[in-house]
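Participant: Here the sequence shown stands for residues 2 to 179, numbered as in my numbering. Encoded as structure tokens, here's the structure I'll be asking about.
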Amino acid sequence: MQGFTEQMLQIHFKLYEGYVKNTNDLLGKLQAMSDSGKEGSFEYGALKRRLGWEFDGMRLHELYFGNLGGAGAPDPKSPLYLKIVDQFGSFDRWKKDFIATGLIRGIGWAVLYFDPMQKRLVNTWINEHDVGHLAGSSPILIMDVFEHAYITEYGLDRAKYIDAFFKNIDWGVVQSRL
């Protein structure tokens with residue numbers, strides 16, 4: 002992918018492997034504790050809380066990887082593109098807002114959500130894997146803006162990473178999530 006070096010991708014994959022391993026380990030430990038009647042313990046509660054971090058870290062990376070690998074140009078006749086234009090006034094205005102979301106100072110994720118109740122698209126900042134999700138909404142475009150996503154290739158220039166990200170979006174995958 003243009004702008005994504007092998008080293009940068011390998012760091013991502015290694016982190017993802019950790020989220021998968023930890024999610025599976027936690028699910029196993031929680032099941033064992035439940036089977037032995039320890040679901041009321043402090044340890045059980047601590048593991049349940051940790052599960053949200055590990056599981057969401059795993060799932061967000063899967064969605065992020067899934068919406069990469071394309072040519073970066075959306076189909077202007079697709080329902081998603083038309084919805085973006087209808088709601089934001091133009092694709093460029095939406096993109097400007099999504100980029101501004103991704104440039105928020107701190108670590109986290111920029112996510113385009115679809116709220117099925119209001120049939121509305123919302124660009125959202127998620128500070129941590131397990132904090133800031135819009136309940137009932139579906140993530141349809143996910144951009145990782147933790148430092149590991151870009152620092153090896155772009156240093157602290159997150160804007161250059163975001164530019165590379167946009168060149169590699171698979172809009173067919175994003176459309177399918179709508």
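Glycine is no exception: its CB is placed at the ideal position from the N, C-alpha and C atoms.
(1) Count the other CB atoms within 10 Å of the CB of Ser138; is the residue buried (16 or more) or exposed (fewer)?
(2) According to DSSP, what are the bridge partners of Asp145?
(3) Would you call Phe14 buried or exposed, if buried means 16 or more other Cβ atoms sit within 10 Å of its Cβ?
(4) Within 10 angstroms of the Cβ of Val175, are there 16 or more other Cβ atoms? Answer buried if so, exposed if not.
(5) Find the nearest neighbour of Thr6 within the set His149, Gly173 and Trp172, judged by alpha-carbon distance.
(6) Verify whether the separation of the beta carbon atoms of Asn128 and Gly109 is less than 7 Å.
(7) Quick one: give me the first and last residue of the beta strand (DSSP E) that Asn25 is part of.
(8) Enumerate in chain order the residues of its own chain whose CB-to-CB distance from Ile100 is below 6 Å, with the five nearest sequence positions on each side excluded.
(9) Thinking Leu70 and Asp171 are a contact (beta carbons under 8 Å), I'd like their distance in whole angstroms, please.
(10) Restricting to runs no shorter than 3 residues, where is the beta strand (DSSP E) found entirely within the segment 65-146?
(11) Would you mind giving the Cβ-Cβ distance between Gly67 and Ala165, rounded to the nearest angstrom? I have them listed as a contact below 8 Å.
(12) How big is the Cα-Cα spacing for Val146 and Trp54?
(13) Locate the alpha helix (DSSP H) running through Ser177, then write down its first and last residues.
(14) Are Ile141 and Leu83 touching if we call contact CB-CB under 7 Å?
(15) When you compare only the Cα positions, how much space is there between Gly107 and Val132?
(16) If we ignore side chains and look at the alpha-carbon of each, how far apart do His134 and Asp36 end up?
(17) Could you tell me the boundaries of the alpha helix (DSSP H) in which Glu154 lies?
Facilitator: In short, the structure shows the following:
(1) Stepping through the sequence shown from its first residue, residue 138 is reached at position 137. It is buried - the Cβ of Ser138 has at least 16 other Cβ atoms within 10 Å.
(2) The count along the sequence shown starts at 1 and reaches residue 145 at position 144. Looking at the DSSP assignment, Asp145 forms a beta bridge with Trp110.
(3) For this step, residue 14 is matched to residue 13 along the sequence shown. Exposure of Phe14 is indicated by the presence of fewer than 16 other C-beta atoms within 10 angstroms of its C-beta.
(4) Residue mapping note: residue 175 aligns to position 174 of the sequence shown, counting from 1. Buried.
(5) The residue you call residue 6 lines up with position 5 of the sequence shown. Comparing alpha carbon positions, the residue from His149, Gly173 and Trp172 closest to Thr6 is His149.
(6) The sequence position of residue 128 within the sequence shown is 127, counting from 1. The sequence position of residue 109 within the sequence shown is 108, counting from 1. The Cβ atoms of Asn128 and Gly109 sit closer than 7 Å to each other.
(7) Position 24 of the sequence shown, counting from 1, holds the residue named residue 25. In the DSSP assignment, Asn25 falls outside any beta strand (DSSP E) and lies within the alpha helix (DSSP H) extending over Glu7 to Asp36.
(8) Position 99 of the sequence shown, counting from 1, holds the residue named residue 100. Same-chain partners within the cutoff: Ile163.
(9) As a working mapping, residue 70 is identified with position 69 in the sequence shown. As a working mapping, residue 171 is identified with position 170 in the sequence shown. Rather than Leu, the amino acid found at residue 70 in this sequence is Gly. Right, the Cβ-Cβ distance comes to about 5 Å (below 8 Å), so this counts as a contact.
(10) Segments of the beta strand (DSSP E) lying fully in the segment 65-146: 110-116, 121-127 and 139-145.
(11) The residue labelled residue 67 in the question sits at position 66 within the sequence shown. The residue labelled residue 165 in the question sits at position 164 within the sequence shown. With a Cβ gap of about 17 Å, Gly67 and Ala165 do not count as contacting.
(12) On the sequence shown, position 145 is the one that residue 146 refers to. On the sequence shown, position 53 is the one that residue 54 refers to. Take the alpha-carbon of Val146 and the one of Trp54: they are about 16 Å apart.
(13) Taking the sequence shown and counting its residues from 1, one reaches residue 177 at position 176. Per DSSP, Ser177 belongs to the alpha helix (DSSP H) from Trp172 to Arg178.
(14) Your numbering for residue 141 matches position 140 in the sequence shown. Your numbering for residue 83 matches position 82 in the sequence shown. No; because the gap between Cβ atoms is not below 7 Å, this pair is not in contact.
(15) Taking the first residue of the sequence shown as position 1, residue 107 is located at position 106. Taking the first residue of the sequence shown as position 1, residue 132 is located at position 131. So the two alpha carbons sit approximately 14 Å from each other.
(16) Taking the first residue of the sequence shown as position 1, residue 134 is located at position 133. Taking the first residue of the sequence shown as position 1, residue 36 is located at position 35. Answer to the nearest angstrom: the Cα atoms are 31 Å apart.
(17) In the sequence shown, the residue the question calls residue 154 occupies position 153. Start and end: Ile152 to Tyr155.
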